[in-house]
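Asker: Using this note's numbering, the first residue of the sequence shown is number 837, and each one after it goes up by one.
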Amino acid sequence: MPPLLVEDTPQQHAERLGNLLERCADAILLIRDGRIVGCNQAAGEMFSPAGSHLEGHTLDEVVNASEDGIPSPIALAYCPATMHRTLQLADGSPIDAEVTVSPYIDVTVSDGRLLVIRDVSARKRIAATLLQQDKYIRLITDTVPALIAYVDNEECYRFVNAAYQQWFGRPRNEIVGRKVCDVLGTAYPAAKPFIAQALKGQPVHFELALDSVAGERHVMVVYSPDLQADGRVAGFSAMATDITDRRDHEQALRAQERQLRLITEALPVFIAQCDRDYRLTFVNKTYADRFGFHPKEIVGKRIPEIVGDEAFSTVRQYIDAALRGQPQEHEVNVPLPNGGNQFMQMMYVPDFDEEGNVRGLLAAISDITRLRDTEEQLQRRELEFKTLVENSPDIISRIDRKMRHLYVNPAVTKLAALPPEAYIGKTKAELGLPETVVRAWDEAAYAAFDTGTEQRLDFDLEIEGQIHYFSGRIVPEVDRWGQIDSVIAIAYDVTSRARMEKERDELLARERSARIQAETAAKARDEFLAIVSHELRAPLNGIQSWAHVLENYVQDVVTVPLAQRALQGIKTGVNQQVRLIEDLLDVTRMMSGKFRLMKQPLALLPALQAAVNSVRAMATSKKISLSCNYRITSEQIEGDADRVQQIFWNLLSNAIKFTPEGGHVWLTASIAGEQICVTVRDDGAGISPAFLPHLFNRFSQEDTSSTRDHSGLGLGLFLVRHLVEMHNGQVKADSEGEGKGTTFSVYFKLRPRTEQYLTVGPAEPASNMPLPSLEGRCVLLIDDQAEARESLTVVLSAAGADVFAAATAGEAIEWLSGLAPDRYPDVLISDIAMPGEDGYAVLRRIRAWQAPNGSTPLQRLPALALTAFAEREDRIRALTAGFQMHVTKPVAPEELIIVIDTMAARD
């Protein structure tokens, strides 16, 4: 507990106060009635000369006061008051003083003043110094392009330089005092962790993307903590340097470096850099791969360690020359570490430092081994090509745009009696070549220059009195820039070929003429056979019709065997004549290539049975036994039913014809692997071995004398062979000789069965079927032949039809004009080949005929073409022209009656 203070006596208090005043460094003056009545020691030291006293003097006598160099006495009237004056000390030196005037209360007077004078010169000097330093600092910070600031521990700005206001576009007084987050904006979250570190006393260095009036920029930021003596952090100084340009430049440099590295890595060139001690400082990947290293493994090693001592000794002289500052470029045959040699093109470039001294070299090395090999091959090929060109019989030359010769081979002497060297630099016109030759060459060359494409060249030239023909090509020579400065001309003597072509053309002309003649003859033959067929069929139709009439009108034909035999003979003769005409036409079609098959899946058994039934009467008439052995049922082939039946009709009728009465004919059908085999065997006349190879030839007959036993044209077996082959089959004949019979074997390829075909027996003969009646039917018959009209009229009338026969369409139309509507014809039968108007025109006129009331009642009249034209094309043409049916002459009367009944019923 502190000791208790003992209250001083007035005297003691006065003494203590006096001591305090004497110790005070400020000058203290007591003034009463305008004069100094007391002062302390400090006042005496300031204003009193040595040994003098201040008491009794006025203030102005003691204190010389001025303000800004102007005398300004201290006013005592205004108090209390504080003022600043410049005072002159006793030694004459001035001081800056702070003068305080206070009232001094005394019992005797009321105007007492206490004057305190404090020397503030040192403080002002320090303040001025600090102010000047502050100006210097502000000038420096404002001059520095970096952003400089001081932030207190409340994250408020206390100082910013001019760069801050330029960066943010705000005056600094709007920044100082504001929070950092308000100024940095969106950049604050990124800077916040670093601000926290700085306020913990840790220096911070980081990069930041900061928005400015010029846009986003990148800055390098440094925070330096302001540590106080007691360890507290008062804040931190911040300096941000704009590194955007430097950063972009660095990125560009890095990109260039990457590009350069990519280029060096991609180049097929060995690139390396070494120092003066042959130590490698850089190699590209190509260099490292060549020696089996990674680039990082090579850097730092000396060249001999990589390429080997032998290779290094080979190139060392060039490396040393480059290290002396002399660029080098050489092609060197370098031995390899693993054996062998390679040609290298080496380029050494000295690497100079800033002072111009060689510090190393850069090497670019290319492997030109293949290039050297290629050059050698090109040289050999060029030599070979030159040898070929120089010895070629063709005229070869190079010509420029002015038609001057740049090169000619020795063969050019064919054009004129001039040596090759005479052509160089001259045109053909200047050399005096014929105008036709010059024009041909120049036109082709100009065209090649203009179009850039190869041109043809043809000309002729008289040499030693004979015309020689030349042909050739003008080929443009295009350089690497696509320009054409010259052309290659190649001309060769084609005289022999031209003569051969002329002879060939003459042969072709003769062949063409012969072919035209042959085609004309073939056409004439076809037309002749068609006419013959027509002219033979037409009378046969009458014969067959009259035979039918006789058969129906002669009452005792059945009871009179001779009459029956006569009618049978007429029918047989007609059928044989029709078969002969059909065979002739088939042979003609085969020879002209017009024969066609209508192939479809076909069960063979019904076709065989139909063929057997068609010849059974013939066999019976000769008392020949016809035996059949069918070992097939529904097996199928690809074939034309009519033609397959024709094959076996020909074979069977042939066997019957050459078999004597009482003989035998056998037909057998069986499966033979993937084929169906049908054999027709007889025990008749047989075939001699000498004639057997010619059996299937056209018009081939073993006995051609006028006393031969059998008739015929020799076409049946020819047709058999061709028909079988057109079915992709095979036929062969065997005979042990004359009088020992013959066997014919036919093979057809068996068709895989996809449908079930029923086996049907032979059709019932038409003669056994009751004929329909044509009672009530009106038939219009148009035929230019009176015999045909009469016979058909009798036949159809006997069947009950009402027939009107006309020779022309005009007669028919005249007849139609007089008919009542209910008497119009039900069917039209018309011949095709008629004078004036053919059957097609007749059909058109009849159907277009108009009745008196203007109608066309016969527009849909059923029409039957009854004609001797039997070709497939004739049938198609008739059906296309509008006929419903096409029937070939001679037609069986029974068949005709059935067809008419069917057509009339359909109508």
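Virtual Cβ for every residue (Gly too), placed ideally from N, Cα, C.
Answer with buried or exposed for leucine 1214, where buried requires no fewer than 16 other C-beta atoms within 10 angstroms of its C-beta.
Answerer: exposed
Asker: Name the DSSP bridge partner or partners of glutamine 1202?
Answerer: Residue identity differs from the one stated: residue 1202 is serine in this sequence, not glutamine. As computed with DSSP, serine 1202 is found in a beta bridge with Gln1181.
Asker: Measure the alpha-carbon distance for arginine 1683 versus leucine 1664 and round it to whole angstroms.
Answerer: 10 Å
Asker: Distance, Cα to Cα, threonine 1738 vs proline 1698?
Answerer: 10 Å
Asker: Would you grab the beta carbon distance between alanine 1147 and proline 1171 for me? Rounded to a whole angstrom, and I think it's under 8 Å.
Answerer: 5 Å
Asker: Which whole-angstrom value is the C-beta distance of aspartate 1662 and valine 1615, which I expect to be below 8 Å?
Answerer: 7 Å
Asker: Can you give me the Cβ contacts of proline 1229 inside the same chain, cut-off strictly under 8 Å, excluding the 5 residues immediately before and after it?
Answerer: The beta carbon of proline 1229 sits closer than 8 Å to the beta carbons of Ala1247, Tyr1328, Asp1329 from its chain, once the five residues preceding and following it are set aside; these are given in chain order.
Asker: My guess is that leucine 1531 and arginine 1479 are in contact by the Cβ rule of under 8 Å, so how many angstroms apart are they, rounded?
Answerer: Actually they do not touch by this definition, with Cβ atoms about 20 Å apart.
Asker: If we ignore side chains and look at the alpha-carbon of each, how far apart do glutamine 1566 and alanine 1491 end up?
Answerer: 19 Å
Asker: To the nearest angstrom, how far is it from the Cα of threonine 1495 to the Cα of leucine 1617?
Answerer: 45 Å
Asker: Just checking, does the stretch 1173–1184 make contact with the stretch 1082–1098 on the three C-beta pairs under 8 Å criterion?
Answerer: The stretch 1173–1184, when compared against the stretch 1082–1098, does not touch it at the 8 Å Cβ threshold.
Asker: Within the same chain, show all residues whose beta-carbon is closer than 8 Å to that of glycine 1161, passing over the 5 residues directly before and after it, in chain order.
Answerer: Pro1186, Phe1188, Val1194
Asker: Take serine 1463 and list the residues in its own chain whose beta-carbon comes closer than 8 Å to its own, dropping the five residues that flank it on each side.
Answerer: His1500, Val1501, Trp1502, Leu1503
Asker: How is the alpha helix (DSSP H) around methionine 1721 delimited, first residue to last?
Answerer: Here methionine 1721 belongs to no alpha helix (DSSP H); instead the beta strand (DSSP E) covers 1721–1724.
Asker: Around the C-beta of isoleucine 1260, are 16 or more other C-beta atoms found within 10 angstroms, so that it is buried, or is it exposed?
Answerer: exposed
Asker: Thinking C-beta only, is methionine 1056 closer than 8 Å to isoleucine 983?
Answerer: For the sequence presented, residue 983 should be read as leucine rather than isoleucine. Using a Cβ distance threshold of 8 Å, leucine 983 and methionine 1056 do not count as a contacting pair.
Asker: Just grab the DSSP bridge partners of aspartate 1321 for me.
Answerer: DSSP output for aspartate 1321 lists no bridge partner at all.
Asker: With H, G and I counted as helix, E and B as strand and the rest as coil, what does DSSP make of cysteine 1110?
Answerer: strand
Asker: By the 10 Å Cβ neighbour count, where 16 or more other Cβ atoms means buried, how is tyrosine 1059 classified, buried or exposed?
Answerer: buried
Asker: Beta strand (DSSP E) containing threonine 965: first to last residue?
Answerer: Per DSSP, threonine 965 belongs to no beta strand (DSSP E); it is in the alpha helix (DSSP H), 957–979.
Asker: Suppose only complete runs of 4+ residues qualify. What are the alpha helix (DSSP H) ranges in the stretch 1469–1533, listed by chain order?
Answerer: Within the stretch 1469–1533, the complete alpha helix (DSSP H) runs of at least 4 residues are 1477–1493.
Asker: Between the C-alpha atoms of glutamate 1623 and isoleucine 1734, what's the straight-line distance to the nearest angstrom?
Answerer: Going from the Cα of glutamate 1623 to the Cα of isoleucine 1734 covers about 22 Å.
Asker: Answer yes or no: do serine 1073 and phenylalanine 1004 have a C-beta to C-beta separation smaller than 8 Å?
Answerer: no
Asker: Hey, out of Gly1577, Asp1658, Arg1696, Gly1646, whose CA is closest to alanine 1677's CA?
Answerer: Ranked by Cα distance from alanine 1677, the first of Gly1577, Asp1658, Arg1696, Gly1646 is Gly1646.
Asker: With distance defined between alpha-carbon atoms, name the residue in Gly1067, Val1019, Leu1063 nearest to leucine 1046.
Answerer: Val1019
Asker: Helix, strand or coil, according to DSSP, for glutamate 1538 in the structure here?
Answerer: Low local confidence applies: a pLDDT of 48 at glutamate 1538 is under 50, so the model's placement there is unreliable, with the coordinate-based value given in what follows. Here glutamate 1538 sits in coil by DSSP.
Asker: Which ranges does the beta strand (DSSP E) cover as unbroken runs of at least 3 residues, wholly within the stretch 1227–1315, from first to last along the chain?
Answerer: 1231–1236, 1241–1244, 1291–1299, 1302–1314
Asker: With burial defined as no fewer than 16 other Cβ atoms inside 10 Å of the residue's Cβ, what is the status of methionine 1336: buried or exposed?
Answerer: exposed
Asker: Please report the distance separating the alpha-carbon of glutamine 1087 from that of isoleucine 1134.
Answerer: 28 Å
Asker: Is the beta carbon of leucine 1694 closer than 8 Å to that of valine 1723?
Answerer: Going by C-beta atoms, valine 1723 is not nearer than 8 Å to leucine 1694.
Asker: Tell me whether valine 898 sits in a helix, a strand or coil according to DSSP, three-state version.
Answerer: helix
Asker: Quick one, are the C-beta atoms of valine 873 and phenylalanine 883 less than 8 Å apart?
Answerer: no
Asker: On the DSSP letters alone, give me the boundaries of the beta strand (DSSP E) that leucine 1586 sits inside.
Answerer: No beta strand (DSSP E) holds leucine 1586; DSSP gives it neither H nor E.
Asker: Which partner residues does alanine 1642 have in the DSSP bridge list?
Answerer: Under DSSP, alanine 1642 takes part in a beta bridge, and its partners are Ile1618.
Asker: Beta-carbon of proline 1255 versus every beta-carbon of chain B: anything under 8 Å?
Answerer: The chain inventory of the structure shown lacks chain B, comprising one protein chain alone.
Asker: Per DSSP, histidine 1041 forms a beta bridge with which residues?
Answerer: Val1058
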